[in-house]
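Engineer: Here the protein sequences come in this chain order: A and B. Residue numbers for the first sequence follow the working numbering, beginning at 3 and rising by one. Residue numbers for the second sequence follow the working numbering, beginning at 103 and rising by one. Got a structure here, written out as structure tokens. Questions coming.
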Amino acid sequence: MKNFEYLQPKSIAEAAGYLKAGNGTSIPYSGGTDALVMMKDNLISPKKVVNLKSIPGLNSIDYIRGEGLKIGALVTISDLAEHPVVKDKFKILSEAAESIASPQLRNVGTVGGNLCQRPRCAYFREDFDCLRKGGNACYAFDGENKLHCIIGGSLCYIVHPSDLATALLVLNTKISIASGEKINEIPIADFFVLPDEDFTRENILQSGEIVTSIFIPDLPEGTKSSYIKFRERAVWDFAVVSVGAVIQTSGSEIVSGRIAFGGVAPIPWTESVVNSKLINRTIDAHIADEIAESILSNADSLEMNGYKIPLAKNLTKRILTQLLM
Amino acid sequence: MSEETKSNKFSRRKFVKGIGSSIAGGYILSPAIAKAAKKISKEAKDFSEGKVPLSLKVNESVINVMIEPRTTLAELLRDELKLTGTKVVCNHGECGGCTVLLNNKAVYSCHLLALDAAGKDVTTIEGLSSNGKLHKIQQAFVDEDGLQCGFCTPGQVMAAAALLYKYSKPDKQQIMKEMSGNLCRCAAYPNIIKSVLSAVEKSNG
């Protein structure tokens, strides 16, 4: 790891100034659990590392009943997972947070950092001059692509590694981004970028822009939620496929519901055609099968990752059965 | 360690450490020359550019040092403060060998910038025992044979210590979850869990 200057801004504006002035040689740094890997492996060698943790006011969780949950970008994954309101009302979020990495990494990694982490594609992480790193080929396309995307890929076939992103997409989260003097709040669905828009980035953040907080609208009474993550080993691992669901029921009726998937696409993935089937629907014995059959209908797997389609369908059945039966 | 080796003030650990510094000094065997060389290299380091001041507490002692920002907490502990009980194994936050406590929470010291520990309390395996008496977790690992080769043990013990800060009476599930970030290549897991359970029972007994 090359040495760098460690800057300690006291405000968002000061941090943004450092990042902009760096002209691509400065990086924002919070928990650093991903950035440090990339620096140790010389994937990036920033001249200046801008420590966002020195900015006050970005590490609280505030809940207002009937309005929602505001989570600062510097809240650690473990503080999120263990927060009583999150555990009680936003189970999908505490389950997703608990499934991340390991206890030690959850104590350090942050919510903002988790959303902005870089992909785990082995070709991206190793010594391959791949498209996403400015090269001219995706080595996964006809290489070792067991863990790559089955939908949404073109030119580059990463999957988005964030568990929180999948859960937050289901929860209709808004992300606040400090940009210059302004703070813009955008739906999380607009935050992530598919490779056919720009294969060098995973999100819309421009140099000097910083995620400051997220906001989750409160869930109505009678809402249940869950997150199921399938992975090859129980700790550290990223989702092979994950599924998150939020469903509001009234008696034997589903009022509304949303499902999203991780590990299947370069962005957290949800399908309006599937979610529309979860509006005003009577709960019956066929519902889990029916919904599962309708997901990922445009999936186009690569040589080694076709198994992700039945896996996603089965996880969908499991989560619906768990929430409805 | 037997009583005899203790009284001789000689141990395998000190021998290995001695060999280590001789090699680092370029196979210089004369202690006087080695000492001089060490001093020179230390001074040369202090004059190098890009160092910044860091103040933190390690095992309840205030430490003030000048370090390069890229220094990890593990490097600070081992290379500068000579607290070599903390083991660096994968150096990527993927094994748990380097686990220490930062404000009583478990962190991977290999995967944390030392500067991120500024103003905080770090506890290493050296800081767990007090007045020559082992910490209850350490004693339990001895009593229950919670190790084979012992290399992951400092990290395991620190993860268990963090667990006891979090739960006063953790059950087996909580122990397995909170210690899941520590690998043991000897797979001594059953006895590691037994050790922690035994420490919990004793402290609640």
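Where a beta carbon is used, it is the ideal one built from N, C-alpha and C, also for glycine.
#1: Any residues in the segment 273-303 of chain B with a beta carbon nearer than 7 Å to a beta carbon of chain A? Which ones, in chain order?
#2: What residues from the segment 214-238 of chain B come within 8 Å of chain A, judged by C-beta to C-beta, listed N to C?
#3: What number of angstroms, rounded off, separates the C-alpha of N193 (chain B) from the C-alpha of S181 (chain A)?
#4: My parser needs the alpha helix (DSSP H) runs of 4 or more residues fully inside the segment 114-185 of chain A; what are they?
#5: Would you give the residue range spanned by the alpha helix (DSSP H) that V259 (chain B) belongs to?
#6: Check whether the Cβ of Y210 (chain B) lies closer than 8 Å to any Cβ atom in chain A.
#7: So, using beta-carbon positions, are A99 (chain A) and L82 (chain A) closer together than 8 Å?
#8: Using a Cβ-Cβ distance cut-off of 8 Å, determine whether E182 (chain B) contacts chain A.
#9: Residues in its own chain within less than 6 Å of C212 (chain B) by CB, not counting five upstream and five downstream?
#10: From which residue to which residue does the alpha helix (DSSP H) around F243 (chain B) run?
#11: Using 10 angstroms around the beta-carbon of L157 (chain A), count the other beta-carbons present and answer buried if the total reaches 16, otherwise exposed.
#12: Starting from E100 (chain A), trace the alpha helix (DSSP H) both ways and give me its first and last residue.
#13: With a cut-off of 8 Å, does the C-beta of P171 (chain B) fall near any C-beta of chain A?
#14: At 9 Å on the CB atoms, spell out the chain B contacts of N116 (chain A), in chain order.
#15: Would you call the segment 297-304 of chain A and the segment 135-155 of chain A touching, i.e. three or more CB-CB distances under 8 Å?
#16: From this set, A:P222, A:E146, A:K55, which residue's C-alpha is nearest L312 (chain B)'s C-alpha?
#17: Can you give me the C-alpha to C-alpha distance between I46 (chain A) and M40 (chain A), rounded to a whole angstrom?
#18: Grab me the residues of G137 (chain A)'s own chain with a C-beta within less than 8 Å of its C-beta, minus the 5 sequence neighbours each way, in chain order.
#19: Between which two residues does the alpha helix (DSSP H) containing S300 (chain B) stretch?
#20: Do you know offhand how far S228 (chain A)'s Cα is from L249 (chain B)'s?
#21: Can you find a CB in chain A that lies within less than 8 Å of the CB of E255 (chain B)?
#22: What's the call for V302 (chain B), buried or exposed, on a 16-neighbour Cβ count within 10 Å?
#23: Interface residues of chain B around F6 (chain A) at Cβ under 7 Å?
#24: So which residues on chain B does W271 (chain A) lean against when the C-beta distance must stay under 9 Å?
#25: Confirm, please, whether the CB-CB distance from T214 (chain A) to I185 (chain A) is below 8 Å.
#26: Taking 8 Å as the threshold (beta carbon to beta carbon), is G198 (chain B) in contact with chain A?
#27: For the beta strand (DSSP E) containing P219 (chain A), list its first residue and its last residue.
#28: Could you spell out the range, first to last residue, of the alpha helix (DSSP H) harbouring Q276 (chain B)?
#29: Against V110 (chain A), what residues of chain B qualify as contacts under a CB-to-CB distance less than 7 Å, listed in chain order?
#30: Taking Cβ-Cβ distances shorter than 7 Å, what residues in chain B pair up with V52 (chain A)?
#31: Rounded to the nearest angstrom, what separates Y20 (chain A) and R203 (chain A) at their Cα positions?
#32: Since A75 (chain A) and T112 (chain A) are thought to touch, with beta carbons under 8 Å apart, how far apart are those beta carbons, to the nearest angstrom?
#33: Could you tell me whether any Cβ in chain A is nearer than 8 Å to the Cβ of G187 (chain B)?
Structural biologist: This is what the structure holds:
#1: Those residues of the segment 273-303 of chain B that come within reach of chain A (Cβ to Cβ, closer than 7 Å) are E280, S282, G283.
#2: The residues in question are L214, L215, L217, D218.
#3: As a working mapping, residue 193 (chain B) is identified with position 91 in the second sequence. As a working mapping, residue 181 (chain A) is identified with position 179 in the first sequence. C-alpha separation (whole angstroms): 35 Å.
#4: Entirely contained in the segment 114-185 of chain A, the alpha helix (DSSP H) runs reaching 4 residues are, in chain order, 124-127, 165-172.
#5: Translated into positions along the second sequence, residue 259 (chain B) becomes position 157. Element bounds for V259 (chain B): 255-268.
#6: Against the second sequence, residue 210 (chain B) aligns to sequence position 108. Closer than 8 Å to the CB of Y210 (chain B) there is at least one CB belonging to chain A.
#7: The count along the first sequence starts at 1 and reaches residue 99 (chain A) at position 97. The count along the first sequence starts at 1 and reaches residue 82 (chain A) at position 80. Yes, these two residues count as a Cβ contact at 8 Å.
#8: Residue numbering aside, residue 182 (chain B) sits at position 80 when the second sequence is read from its first letter. Look at E182 (chain B): its C-beta is not under 8 Å from any C-beta on chain A.
#9: Numbered from its first residue, the second sequence carries residue 212 (chain B) at position 110. T174, A176, V190, N193, C200.
#10: Counted from its first residue, the second sequence places residue 243 (chain B) at position 141. Where F243 (chain B) is concerned, the enclosing alpha helix (DSSP H) starts and stops at 238-245.
#11: For the purposes of this step, residue 157 (chain A) is identified with residue 155 of the first sequence, where counting begins at 1. Exposed, because fewer than 16 other Cβ atoms sit within 10 Å of the Cβ of L157 (chain A).
#12: What you label residue 100 (chain A) is simply residue 98 of the first sequence in a count that begins at 1. Its alpha helix (DSSP H) spans residues 93-100.
#13: The count along the second sequence starts at 1 and reaches residue 171 (chain B) at position 69. Interface criterion met: the Cβ of P171 (chain B) is under 8 Å from a Cβ in chain A.
#14: Here residue 116 (chain A) corresponds to residue number 114 of the first sequence, with the count starting at 1. Those within 9 Å of N116 (chain A) in chain B number zero; the least Cβ separation is about 14 Å.
#15: Yes: at least three Cβ pairs fall under 8 Å.
#16: Residue 312 (chain B) lies beyond the range of chain B shown here (103 to 307); nothing can be said about it.
#17: Mapped onto the first sequence, residue 46 (chain A) falls at position 44. Mapped onto the first sequence, residue 40 (chain A) falls at position 38. Approximately 6 Å, taken between the alpha carbons.
#18: Taking the first sequence and counting its residues from 1, one reaches residue 137 (chain A) at position 135. So the list reads F130, D131, once near-sequence residues are dropped.
#19: Position 198 of the second sequence, counted from the first residue, corresponds to residue 300 (chain B). For S300 (chain B), the enclosing alpha helix (DSSP H) has its first and last residue at 291-306.
#20: For the purposes of this step, residue 228 (chain A) is identified with residue 226 of the first sequence, where counting begins at 1. For the purposes of this step, residue 249 (chain B) is identified with residue 147 of the second sequence, where counting begins at 1. Straight-line Cα distance between these residues: approximately 37 Å.
#21: Within the second sequence, the letter at position 153 stands for residue 255 (chain B). Correcting the residue type first, residue 255 (chain B) is Thr in the shown sequence and not Glu. For T255 (chain B), the answer is no, since every Cβ of chain A falls outside 8 Å of its Cβ.
#22: Residue 302 (chain B) sits at position 200 when you count from the first residue of the second sequence. Taking a 10 Å sphere around the C-beta of V302 (chain B), we find 16 or more other C-beta atoms and assign the residue as buried.
#23: Within the first sequence, numbered from 1, the residue matching residue 6 (chain A) stands at position 4. Within 7 Å Cβ-Cβ: P171, R172.
#24: Translated into positions along the first sequence, residue 271 (chain A) becomes position 269. Within chain B, no residue has its CB atom less than 9 Å from the CB of W271 (chain A), the nearest being about 27 Å off.
#25: Residue 185 (chain A) sits at position 183 when you count from the first residue of the first sequence. Residue 214 (chain A) sits at position 212 when you count from the first residue of the first sequence. For the pair I185 (chain A) and T214 (chain A), the CB atoms are nearer than the 8 Å cut-off.
#26: On the second sequence, residue 198 (chain B) is found 96 positions in, with the first residue counted as 1. Closer than 8 Å to some Cβ of chain A, the Cβ of G198 (chain B) qualifies, so yes.
#27: The sequence position of residue 219 (chain A) within the first sequence is 217, counting from 1. It spans 212-219 - the beta strand (DSSP E) in which P219 (chain A) sits, taken as one unbroken run.
#28: Stepping through the second sequence from its first residue, residue 276 (chain B) is reached at position 174. Per DSSP, the unbroken alpha helix (DSSP H) holding Q276 (chain B) starts and ends at 274-280.
#29: Counted from its first residue, the first sequence places residue 110 (chain A) at position 108. Going along chain B in sequence order, the residues near V110 (chain A) (Cβ under 7 Å) are V209, L214.
#30: Taking the first residue of the first sequence as position 1, residue 52 (chain A) is located at position 50. Those do not exist, as V52 (chain A) stays about 12 Å from chain B at its closest Cβ, beyond 7 Å.
#31: Counting from one through the first sequence, the residue named residue 20 (chain A) turns up at place 18. Counting from one through the first sequence, the residue named residue 203 (chain A) turns up at place 201. Each residue's Cα considered, the two are about 21 Å apart.
#32: Reading the first sequence from its first residue, position 73 is the one you call residue 75 (chain A). Reading the first sequence from its first residue, position 110 is the one you call residue 112 (chain A). Contact between A75 (chain A) and T112 (chain A) is confirmed by a C-beta separation of about 6 Å, below the 8 Å threshold.
#33: Here residue 187 (chain B) refers to the residue found at position 85 when the second sequence is read from its first residue. For G187 (chain B), no Cβ of chain A is located within less than 8 Å of the residue's own Cβ.
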